[in-house]
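Under the UniProt record's numbering, the first residue of the sequence shown is numbered 1, with each subsequent residue one higher.
For every residue, glycine included, the Cβ atom is placed at its ideal position computed from N, Cα and C.
What you are looking at is a predicted structure, and each value in this text was computed from that prediction instead of being measured.
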Amino acid sequence: MTMTLADTRLTAAATRPALIWERACAVADLEPSWGEAALIRMKQIALFLLSPTEIYAVDHRDPHTEANVMARGIVGSKGDRPTIASPLHKEVYDLGTGECFTNPTLVLNTYETRVVGGYIEVAVESGLLEAA
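Shown next, in the form of structure tokens:
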């Protein structure tokens, strides 16, 4: 049997976990350019409100130290890209992609966000532990 590139892409897409939207908090609960941690399906996620239409969600766990500290990081920018610097060793990550500008071997997990009825929702894998 011969497998084409299109077949490979379909197989990869079919094996990825489905994403579901989970409510994190009200937009009004966040201070501009300041991080807050949220527990979503037993996963700690850091939320950042940069403007009323620009909200980012990343793992709260620092990829370098594995400490849950990213919500306390320093918000900044590199060119036109919003960034978060770890409060421990100051690795700088792109809030949109998770790319680490200071250490290319590190990646910070990122999550899609949306606002529905004044509340921030985060897209997480449906396979994460069910919320209580």
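Assigned exposure category for residue i - 16 Cβ within 10 Å defines buried
i           : result
residue 131 : Unreliable placement is indicated for residue 131, whose pLDDT of 44 sits below 50; no coordinate value is reported for it.
residue 9   : Residue confidence for residue 9 is low, a pLDDT of 49 falling below 50, so the modelled location carries little weight and cannot support an answer.
residue 24  : buried
residue 89  : exposed
residue 76  : exposed
residue 112 : exposed
Residues that residue i bridges to, as DSSP identifies them
i           : result
residue 122 : 22 and 113
Reduced DSSP secondary structure (H/G/I, E/B, other) of residue i
i          : result
residue 81 : strand
residue 94 : strand
Same chain only: Cβ atoms within 7 Å of residue i, ignoring 5 sequence neighbours per side
i           : result
residue 175 : With the chain running from 1 to 132 in the structure shown, residue 175 is simply not present.
Beta-carbon contacts of residue i that lie in its chain and below 8 Å, excluding the five residues immediately before and after
i          : result
residue 64 : 86, 88, 89, 91, 103 and 106
Cβ neighbours of residue i in the same chain (closer than 6 Å, five flanking residues each side left out)
i          : result
residue 37 : 44, 46, 60 and 71
Exercise. Would you be able to state if there are at least three C-beta pairs under 8 Å between the stretch 27-42 and the stretch 111-130?
Key: Segment contact: the stretch 111-130 against the stretch 27-42, three or more CB-CB distances shorter than 8 Å; contact assigned.
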